[in-house]
C-alpha cells in the first residue's frame, strides 16, 4: 500500500486487469500518442492528461491503440468488439464528446442484452473526463452523468477518490454490461493510500464517508470531498452530518439514502451537473415519495445554475457548488421551523 | 515546583495513531484521580479507549475540551497536589506548550514506523516491527480475519526493552492471498520462515484465537524458536465455535451486514467504529481474500466444529505458557481453558469479549510483560 494519485490509481487498475485478462483492449484518441504522426514518438501522451501512459509500451499496439478523431466510429467499434468477445475500455476523452456517438451507446450497447433476450453480453467500459473547474469552457466542462443515468441498460460510475477509482474501475472492467466510468478532471492529482493489489468495489453500494445525526448530505463524485469538508466544519459547531457517496448513479443505492434520511430527517443533495433533471432532482423525488413522513425540513439542492459552464475563471468559480455553499444549505435546513400548523 | 506537576498528554494507542479526540473527561476539574484510573475517554479513528492516569493527584486544569482533536503528546490537562499554587501551574503550562510546538513536528516523524513488505519464499508478508533491546524478541500472531492492527494497543507497550514483530498472516491484510491448505501448521511454517528471514532465532509468541493454534504448531514444529507462549482466546482447546461469526464474516460484503458480525468480537459493542468496519471491508475486497478465508474456515472449522485439538501439544510444550481469555467471549468459550495442567497460568478478564487485547489492553499487556520478564 502506498499513496497514489487518482491518475495512478486508474492507470494501475487498467494495467493489472490487462495483465490478468488478454481480452482487454484500450482504444481512444491520443491514448498512446504519436503513433500516427510523422514524428514517430511512441507513447508520447498517454491520453491528454497522461492517464494511460506506459500501457502502450507494456501491452503493444494490438491492445492499446489510438483511433481517428471520430467518436462514432471508434465507440461503435468498441461496442461491436464487446459484443463479439473482447472487453474493450474506450476513452471518450471529454464526456462532452458523447454527442458524436450517442446512438452507439444509447441505442446499441445499452439495448443489446434486453433486445437479444438476455443472451448478448456487452462488456464495455467507456471512460471519460467530466466536470467544471478546469477552465476548459462550455464544451469541455459538463457533468453529463444524468444523461447516461437516464438510459436503462447502462451502469454509471462516478468515483470520488483514488481508492474508489481503482476498485470501481476494476469492477467496471469485470462487469458484463456497458459501464460509463466518469473521472473528474480536476481530481487527477488527488492522492491517498491505495492498495497495490487488485480489488473491487461493488456497484449499487453507497459509501458513508461521515456519520451523523442531524443532516444527510448526498453528494456525487468530486462533490463528496466538498461535502466532507463542510461536514467537518459543521461538526465543530455541533451540527453532525452523514455524508453519502452513492458511487454509482445507476444502479442507485436508494436503500442507504432512505435509511439515512429516516434517521436524520433532513436532506441536502450536492450535484455539479446542470440542475434540471439531474441526480439531485432524482434523489429528491425518491425521498419525497418514500420517506416524506420523516422529513423535518424541505430538501435543499446545492447545484449550479441552469447555464452553460462559464469560461471566465471568476464565473466558473461562482458556477460550481463548494463547501461554503453546502455548509450554508445545511445551516438553513437546521434552522427551518414549520410555520403552518399541521392539520 | 515542576516535579510536583504532572502533565497529562494525548496518549499514543497504536503505531498509526497521530492524533486523538477527547470523547469525554471522566474527572472534573479539581477532582482527585488515582494512578491507573481512567481519567478520560480518547477517541481515535479506529477505537475509543479509556486513558489511564499515569499518576495520582488533583486534576488542577483541563486544557483540552471535550470534542477537541489534538496530536499525540499534546497537553490535555495538569495534575498537581492542592499545595502547588496556580502561578506555578501557569508557568508549567506555558513552558510545556512552547516546547511541545517546537518538538512535535520532528518527533511525530520519527515515531511513525510504517509496516514493510517482506518476501518469504513465494509469499509477500506485511510486517510491522517495533522496539529494540536485550530482551528476547516477541512475535504476534493474529487470528482468523484479523491483521497486524489487532495489536495496535499492545505492540508499543511490549516494545520497551525488546524487538517485537507483528505480521499479517497469508490471506490477510496486506500479505499475499496464498494460503495453501489453510491449516495452522502451514501458517506456522510461514511464521518460522519469516523469523529466519528476519534473523531472529527465538521469540516469545503471543497468539490470538486461530493465531493461538498457529503459535502452538510453531512450538511443536520448531521448539527451539519458541521461548514462551501467551495464548489469547486460543482456538483448539474445545470443539465449539460461533459459526455465525465465521460464516457471517465470510459472507458479509457491506457495512450493514458486517457490523452485526463484528459485534460478536467485543463485549462493549461501541468499540466497533465506522473506520474499523471500513478497514475490514477494504481487506475483504482484495482479490483472493474471500477465497483465502473460505479455505481457512474449511480447513480449521469444518462442519461447524474446530478441527484441531491443541491440548496434547500444549501439555507437551516444555517452555512456559499462559492463557488469557475474555469472560464474555462470544466466539470461543473461556470454559475451554478448564482442565489444563496447573503449570499453565489462566487469566480470565471480566468485561471483555473475544479481543481482550483491545478491550482491556492494560491487563493483557501487564500479563504478557510479567510473563516474558
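Chains as they are written, first to last, in the UniProt record's numbering: chain V, 1 to 343; chain S, 1 to 373.
We put the beta carbon where it would ideally sit given N, CA and C, even for glycine.
These figures come from a predicted structure and were not determined experimentally.
Legend entry - Inter-residue spacing [alpha-carbon to alpha-carbon] between residue 342 of chain S and residue 322 of chain S: Position 342 of the second chain, counted from the start, is the residue given in the question as residue 342 of chain S. Position 322 of the second chain, counted from the start, is the residue given in the question as residue 322 of chain S. In this structure, the CA atom of residue 342 of chain S is about 10 Å from the CA atom of residue 322 of chain S.
Legend entry - Where residue 3 of chain V sits in the DSSP three-state scheme: Numbered from 1 along the first chain, position 3 holds the residue referred to as residue 3 of chain V. Strand at residue 3 of chain V.
Inset, instruction - Consult DSSP for residue 288 of chain V and reduce its assignment to one of helix, strand or coil. - result: Counting from 1 along the first chain, the entry for residue 288 of chain V is found at position 288. Three-state result, residue 288 of chain V: helix.
Legend entry - Nearest-angstrom Cβ-Cβ length linking residue 292 of chain S and residue 179 of chain S, presumed shorter than 8 Å: Taking the second chain and counting its residues from 1, the one referred to as residue 292 of chain S is at position 292. Taking the second chain and counting its residues from 1, the one referred to as residue 179 of chain S is at position 179. That pair is a contact at about 5 Å.
Inset, instruction - Under 8 Å between beta-carbons, which chain V residues line up against residue 396 of chain S? List them in chain order, please. - result: Lying before the first or after the last residue shown, residue 396 of chain S is absent from chain S, which here runs from 1 to 373.
Legend entry - Contact under 8 Å by Cβ, residue 6 of chain V with residue 187 of chain V: Sequence index remark: in the first chain, residue 6 of chain V carries index 6 (1-based). Sequence index remark: in the first chain, residue 187 of chain V carries index 187 (1-based). For residue 6 of chain V and residue 187 of chain V, yes; Cβs fall inside 8 Å.
Inset, instruction - Determine whether the Cβ of residue 4 of chain S lies closer than 8 Å to any Cβ atom of chain V. - result: Residue 4 of chain S sits at position 4 when you count from the first residue of the second chain. For residue 4 of chain S, the nearest beta carbon of chain V is not closer than 8 Å to its own beta carbon.
Legend entry - Beta carbon proximity, residue 61 of chain S to chain V, threshold 8 Å: Stepping through the second chain from its first residue, residue 61 of chain S is reached at position 61. Chain V contact via Cβ: absent.
Inset, instruction - Mind listing the chain S neighbours of residue 167 of chain V? Cutoff is C-beta to C-beta under 7 Å, in chain order. - result: For the purposes of this step, residue 167 of chain V is taken as residue 167 along the first chain, with counting starting at 1. In chain order: 285.
Inset, instruction - Compare the C-beta of residue 205 of chain V against all C-beta atoms of chain S and say whether one is closer than 8 Å. - result: For the purposes of this step, residue 205 of chain V is taken as residue 205 along the first chain, with counting starting at 1. Residue 205 of chain V belongs to the set of residues whose beta carbon lies under 8 Å from a beta carbon in chain S.
Legend entry - Range covered by the alpha helix (DSSP H) that runs through residue 325 of chain V: Reading the first chain from its first residue, position 325 is the one you call residue 325 of chain V. Start and end: 323 to 335.
Legend entry - C-alpha distance - residue 29 of chain S paired with residue 85 of chain S, whole-angstrom precision: Counting from 1 along the second chain, the entry for residue 29 of chain S is found at position 29. Counting from 1 along the second chain, the entry for residue 85 of chain S is found at position 85. Cα to Cα, residue 29 of chain S sits roughly 15 Å from residue 85 of chain S.
Legend entry - Residue environment, residue 298 of chain S, which counts as buried when at least 16 other CB atoms sit within 10 Å: To locate residue 298 of chain S, count along the second chain from 1; it is residue 298. Result: exposed.
Legend entry - Stretch pair the region 179 to 191 of chain S + the region 215 to 231 of chain S: three plus CB contacts closer than 8 Å: They touch, by the three-pair rule.
Inset, instruction - Tell whether a beta-carbon distance below 8 Å holds between residue 234 of chain S and residue 207 of chain S. - result: For the purposes of this step, residue 234 of chain S is taken as the residue at position 234 of the second chain. For the purposes of this step, residue 207 of chain S is taken as the residue at position 207 of the second chain. Result yes, Cβ atoms of residue 234 of chain S and residue 207 of chain S sit closer than 8 Å.
Legend entry - C-alpha distance - residue 134 of chain V paired with residue 248 of chain V, whole-angstrom precision: Position 134 of the first chain, counting from 1, holds the residue named residue 134 of chain V. Position 248 of the first chain, counting from 1, holds the residue named residue 248 of chain V. It is roughly 23 Å from the alpha-carbon of residue 134 of chain V to the alpha-carbon of residue 248 of chain V.
Inset, instruction - Tell me residue 111 of chain V's beta-bridge partners as DSSP assigns them. - result: Taking the first residue of the first chain as position 1, residue 111 of chain V is located at position 111. In the DSSP output, where bridge partners are listed per residue, residue 111 of chain V has none listed.
Inset, instruction - With DSSP as the reference, label residue 241 of chain V as helix, strand or coil. - result: Here residue 241 of chain V refers to the residue found at position 241 when the first chain is read from its first residue. Shown here, residue 241 of chain V sits in a strand according to DSSP, grouped into three states.
Legend entry - Integer Cβ distance of residue 335 of chain V from residue 300 of chain V, believed to fall under 8 Å: Against the first chain, residue 335 of chain V aligns to sequence position 335. Against the first chain, residue 300 of chain V aligns to sequence position 300. Contact between residue 335 of chain V and residue 300 of chain V fails: their C-beta atoms lie close to 11 Å from each other, not under 8 Å.
Inset, instruction - List the residues that DSSP assigns as beta-bridge partners of residue 153 of chain S. - result: As a working mapping, residue 153 of chain S is identified with position 153 in the second chain. Bridge partners of residue 153 of chain S: none, in fact.
Legend entry - residue 21 of chain S - DSSP class collapsed to helix/strand/coil: Indexing the second chain from 1 puts residue 21 of chain S at position 21. Residue 21 of chain S: strand per DSSP, three-state reduction.
Inset, instruction - Say whether chain S places a C-beta atom closer than 8 Å to the C-beta of residue 201 of chain V. - result: Taking the first chain and counting its residues from 1, the one referred to as residue 201 of chain V is at position 201. Answer yes: the Cβ-Cβ gap between residue 201 of chain V and chain S drops below 8 Å somewhere.
Inset, instruction - Answer yes or no: do residue 67 of chain V and residue 28 of chain V have a C-beta to C-beta separation smaller than 8 Å? - result: Stepping through the first chain from its first residue, residue 67 of chain V is reached at position 67. Stepping through the first chain from its first residue, residue 28 of chain V is reached at position 28. Cβ atoms of residue 67 of chain V and residue 28 of chain V: closer than 8 Å.
Legend entry - Within chain V, partners of residue 174 of chain S - CB distance below 9 Å: Taking the second chain and counting its residues from 1, the one referred to as residue 174 of chain S is at position 174. The answer, in chain order, is 1, 195, 196, 197.
Legend entry - Within-8 Å CB hit, residue 208 of chain V to chain S: The count along the first chain starts at 1 and reaches residue 208 of chain V at position 208. Yes, because at least one Cβ of chain S sits closer than 8 Å to the Cβ of residue 208 of chain V.
Inset, instruction - Please decide whether residue 279 of chain S counts as near chain V, where near means a Cβ-Cβ distance under 8 Å. - result: Taking the first residue of the second chain as position 1, residue 279 of chain S is located at position 279. No, residue 279 of chain S does not count as interfacial toward chain V.
Inset, instruction - Find out if the Cβ-Cβ distance for the pair residue 228 of chain S, residue 137 of chain S is shorter than 8 Å. - result: Against the second chain, residue 228 of chain S aligns to sequence position 228. Against the second chain, residue 137 of chain S aligns to sequence position 137. In this structure, residue 228 of chain S sits away from residue 137 of chain S, with a CB-CB distance that is not shorter than 8 Å.
Inset, instruction - Inspect the beta-carbon positions of residue 454 of chain S and residue 140 of chain S and report whether they are closer than 8 Å. - result: Past the edges of chain S, shown from 1 to 373, lies residue 454 of chain S, and the structure says nothing about it.
Inset, instruction - May I have the straight-line CA-CA distance separating residue 62 of chain S from residue 75 of chain S, to the nearest angstrom? - result: The sequence position of residue 62 of chain S within the second chain is 62, counting from 1. The sequence position of residue 75 of chain S within the second chain is 75, counting from 1. Each residue's Cα considered, the two are about 9 Å apart.
Legend entry - Interface residues of the region 246 to 271 of chain S facing chain V [CB-CB below 9 Å]: Sequence-ordered contacts of the region 246 to 271 of chain S with chain V read 253, 254, 255, 256 [C-beta pairs closer than 9 Å].
Inset, instruction - Please specify which runs of the alpha helix (DSSP H), each continuous and at least 4 residues long, are wholly inside the region 117 to 199 of chain V, giving them in chain order. - result: As far as the region 117 to 199 of chain V is concerned, its whole alpha helix (DSSP H) runs of at least 4 residues are 145 to 149, 162 to 174.
Inset, instruction - Could you say which of V/242, V/307, V/284, V/260 lies nearest to residue 273 of chain V if we only look at CA atoms? - result: Here the question's residue 273 of chain V lines up with position 273 in the first chain. In this structure, V/307 is the residue among V/242, V/307, V/284, V/260 with its C-alpha nearest to the C-alpha of residue 273 of chain V.
Legend entry - Where residue 163 of chain S meets chain V, residues with beta-carbon distance less than 7 Å: In the second chain, residue 163 of chain S corresponds to position 163, counting from 1. By Cβ distance, chain V contributes nothing, its closest Cβ being about 23 Å from residue 163 of chain S, past 7 Å.
Inset, instruction - Give the secondary structure of residue 76 of chain S by DSSP, where H, G and I count as helix, E and B as strand, and everything else as coil. - result: For the purposes of this step, residue 76 of chain S is taken as residue 76 along the second chain, with counting starting at 1. When secondary structure is reduced to three states using DSSP, residue 76 of chain S falls in the strand class.
Legend entry - Span separating the alpha-carbon of residue 18 of chain V from that of residue 96 of chain S: Here the question's residue 18 of chain V lines up with position 18 in the first chain. Here the question's residue 96 of chain S lines up with position 96 in the second chain. Rounded to whole angstroms, residue 18 of chain V and residue 96 of chain S show a C-alpha spacing of 56 Å.
Inset, instruction - Taking residue 31 of chain S as part of the beta strand (DSSP E), name the residues at either end of that continuous run. - result: In the second chain, residue 31 of chain S corresponds to position 31, counting from 1. No beta strand (DSSP E) contains residue 31 of chain S, which DSSP labels as neither H nor E.
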